[in-house]
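Here's the structure we're looking at; comments come further down.
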């Protein structure tokens, strides 16, 4: 063999050795998926299988007996994975069926509350609660793998696509029925309460604001007792809030006007009482002075030089006594007025 042929042969053998090592390494990595702890990564496994198959079939030079051995190893690994995958799919199918039965049982129980009771809000609410439970199971057991193929992972989700679709169809059908029935009940109550709310608003705008406030409170009590949808309840609350704000503004204006008038009256009464007290004091002083004058006149009578002078002095005494009685009478009247007004002011 010539030196050039010998060199080419060595290169050929070296390439065979390199290809052999590369394929062996690829198969070892491929096989490691079977022994990996935790969830089997099927998608990565089958992607790797494709790469390994292409490498075994395409790398050259490689002795045919070695290529065939590599292919047998590849097939063995692939069959073990398929067997494992098939077992997991069977397990998942059983779990999916059990989950489907649990969900449909919830839906059927919800349906039982609607039979002959589509106008009963309590029965519909019970059905809605059961549908919510079923929905929670549906979401927690939902199938994420919408594009699965036989060589993809079955995943950790419980519901398979077909079972999931069956559950969704049943759930949506009953949920739509419950919602439409509740909507009918809401509409009926809305139609009854809406005129009350509008009447309260009209009273607030054009009538007695105090009566408007009473109507708002009464309608709010009705609102608490009836089932309504959020949109309808919000609409009625908005009308009642507008009526309340309009009425309370007017009521506050009336109260403010009354407060001003009361303060003005209070000031007048206080001034009047002061005047009466002042007048009472003056009358008392005048009465005291008259009493002193009486004593003086009495002394003069004792020293009167004639009967005529004494008679005139006695007339003065009678006049002054009458004046004193008059002052006392006026002061009693003033005292009564002062006491009456003070009682009102203190009350």
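In this note's numbering, the protein residues as written are 1 to 347. By construction, the Cβ of each residue, glycine as well, lies at the ideal position given by its N, Cα and C atoms. Being a predicted model, the structure only gives us computed values, none of them experimental.
Item: Excluding sequence positions up to five away, which residues of its chain have a Cβ less than 6 Å from the Cβ of residue 297?; Value: 313, 316 and 317
Item: I'd like to know whether the C-beta of residue 327 is nearer than 8 Å to at least one C-beta of chain B.; Value: In the structure shown, chain B cannot be found, because there is only a single protein chain.
Item: Under the three-state reduction of DSSP, which class applies to residue 153: helix, strand or coil?; Value: Caution is warranted here: a pLDDT of 42 is assigned to residue 153, below 50, making its placement in the model unreliable, and no coordinate value can be reported.
Item: What are the start and end residues of each continuous alpha helix (DSSP H) run of 4 or more residues lying completely inside the stretch 32 to 106, in chain order?; Value: 42 to 58
Item: With a floor of 3 residues, list each beta strand (DSSP E) that falls wholly inside the stretch 300 to 339, ordered by position along the chain.; Value: none
Item: Nearest-angstrom Cα distance between residue 147 and residue 47?; Value: Only weak support exists for where residue 147 lies, its pLDDT of 38 falling under 50; the coordinates are left without a value.
Item: Measuring CB atoms only, is the stretch 244 to 255 touching the stretch 197 to 211, in the sense that at least three cross pairs come out at less than 8 Å?; Value: yes
Item: Assign residue 57 to one of two classes, buried (16 or more other C-beta atoms within 10 Å of its C-beta) or exposed (fewer than that).; Value: exposed
Item: With burial defined as no fewer than 16 other Cβ atoms inside 10 Å of the residue's Cβ, what is the status of residue 181: buried or exposed?; Value: buried
Item: Between which two residues does the alpha helix (DSSP H) carrying residue 159 extend?; Value: From DSSP, residue 159 is part of no alpha helix (DSSP H); its letter is neither H nor E.
Item: I want to know whether the stretch 236 to 249 touches the stretch 287 to 294 - three or more CB-CB distances under 8 Å.; Value: no
Item: List the endpoints of the continuous alpha helix (DSSP H) containing residue 219.; Value: 209 to 225
Item: Got a sec, what are the start and stop residues for the alpha helix (DSSP H) residue 134 sits in?; Value: 121 to 140
Item: Using the C-alpha atoms, what's the distance from residue 186 back to residue 358?; Value: The displayed coordinates of the chain run from 1 to 347. Any statement about residue 358 would go beyond what the structure contains.
Item: From residue 293 to residue 344, what does the alpha carbon distance come to, in whole angstroms?; Value: 39 Å
Item: Compare the Cα-Cα distances from residue 179 to each of 138, 257, 110 and 328 and report the closest residue.; Value: 110
Item: Which value, in whole angstroms, describes the spacing of the CA atoms of residue 42 and residue 228?; Value: 51 Å
Item: How big is the Cα-Cα spacing for residue 189 and residue 223?; Value: 9 Å
Item: Rounded to a whole number of angstroms, what is the C-alpha to C-alpha distance between residue 26 and residue 9?; Value: 26 Å
Item: Nearest to residue 16 by alpha carbon, out of 305, 236 and 67?; Value: 67
Item: Inspect the CB distances between the stretch 30 to 38 and the stretch 75 to 91 and report whether three or more fall short of 8 Å.; Value: yes
Item: Go ahead and pull the three-state DSSP assignment for residue 16.; Value: helix
Item: Within its chain, find whatever has a CB closer than 8 Å to the CB of residue 233; leave out the 5 residues flanking it on each side and keep chain order.; Value: 223
Item: Indicate whether residue 126 and residue 113 have their beta-carbon atoms separated by less than 8 Å.; Value: yes
Item: Three-state secondary structure (DSSP) at residue 113?; Value: coil
Item: Under a Cβ-count criterion, where at least 16 other Cβ atoms within 10 Å of its own Cβ denotes burial, should residue 140 be classed as buried or exposed?; Value: exposed
Item: Taking the alpha-carbon positions, what's the residue 308 to residue 291 distance?; Value: 23 Å
Item: Measuring alpha carbon to alpha carbon, tell me which of 267, 177, 198 and 328 ends up nearest residue 281.; Value: 328
Item: Does the stretch 157 to 171 come close enough to the stretch 87 to 100 that 3 or more CB-CB pairs lie under 8 Å?; Value: yes
Item: Output needed for residue 226: all residues of its chain with C-beta closer than 6 Å, excluding positions within five of it in sequence on either side, in chain order.; Value: 189
Item: In or out: residue 19 buried (at least 16 other Cβ within 10 Å) or exposed?; Value: buried
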